[in-house]
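For the sequence shown, my numbering gives the first residue as 1048, with consecutive numbering after it.
Just so it is clear, CB atoms sit at the ideal spot from N, CA and C, and this is done for glycine as well.
Accompanying notes for the structure given below.
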Amino acid sequence: MNHFTTLTEAMEDLRTRGYTHEFGPKKDFLEEKSTETKLKSEEFTVDEFHRFEGTSDPGDEMTLYAITATNGMKGVFVSPQGTYSNEVSPELMAKFNVSDRANVNTDGAVKPIDPVSAA
């Protein structure tokens, strides 16, 4: 699994691996931007994700999801931290809660920092 420095670098790598479509959230589905194909939560899986934190502002955190639809369409969904949580259904949001699913590649996850013990 690759670790990427920038969102652009990760998107380019995913594009070379066939993730060529771009998805955006609607109330209870994802919509592919160029074809307007609609995917309900049961019609796609999250294959992997990569988180990026802003260097100067923690509010700049973004998460890039690689998605495969049941119809074979592969693409990406970029989510700014917390942006869509109040705009989409709980069922759709649950698809992006990957921390509790062992079959999702979480190598792109931000690892917690170990606390430094007092000397």
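With 16 other Cβ atoms within 10 Å as the buried cut-off, status of residue i
| i | result |
| --- | --- |
| S1126 | buried |
| A1141 | exposed |
| E1095 | buried |
7 Å Cβ shell around residue i - same chain, five flanking residues per side excluded
| i | result |
| --- | --- |
| T1052 | none |
| F1124 | F1070, L1077, Y1112 and I1114 |
| N1118 | none |
| E1090 | A1116 and T1117 |
| E1056 | none |
The beta strand (DSSP E) enclosing residue i, as first and last residue numbers
| i | result |
| --- | --- |
| K1121 | K1121 to P1127 |
| E1079 | L1077 to E1079 |
| T1092 | F1091 to F1099 |
| H1068 | H1068 to P1072 |
| T1115 | M1109 to A1116 |
Straight-line Cα distance separating residue j from residue i
| i | j | result |
| --- | --- | --- |
| K1085 | F1143 | 17 Å |
| M1058 | N1049 | 12 Å |
| T1082 | R1062 | 17 Å |
Spatial neighbours of residue i in its chain, beta-carbon cut-off 6 Å, leaving aside the 5 residues before and after
| i | result |
| --- | --- |
| K1121 | G1065, Y1066 and T1115 |
| F1099 | L1054 and M1109 |
| T1092 | T1115 |
Within 9 Å, strictly: CB atoms of residue i and residue j
| i | j | result |
| --- | --- | --- |
| V1135 | K1087 | no |
| L1097 | E1079 | One detail in the question is off: residue 1097 reads as His in this sequence, not Leu. No; because the gap between Cβ atoms is not below 9 Å, this pair is not in contact. |
| E1138 | D1075 | yes |
Span of the alpha helix (DSSP H) around residue i
| i | result |
| --- | --- |
| K1063 | It should be pointed out that residue 1063 corresponds to Thr in this sequence rather than to Lys. It spans L1054 to T1063 - the alpha helix (DSSP H) in which T1063 sits, taken as one unbroken run. |
| R1138 | According to the sequence provided, residue 1138 is Glu. The question's Arg does not apply to it. Per DSSP, E1138 belongs to the alpha helix (DSSP H) from P1137 to K1142. |
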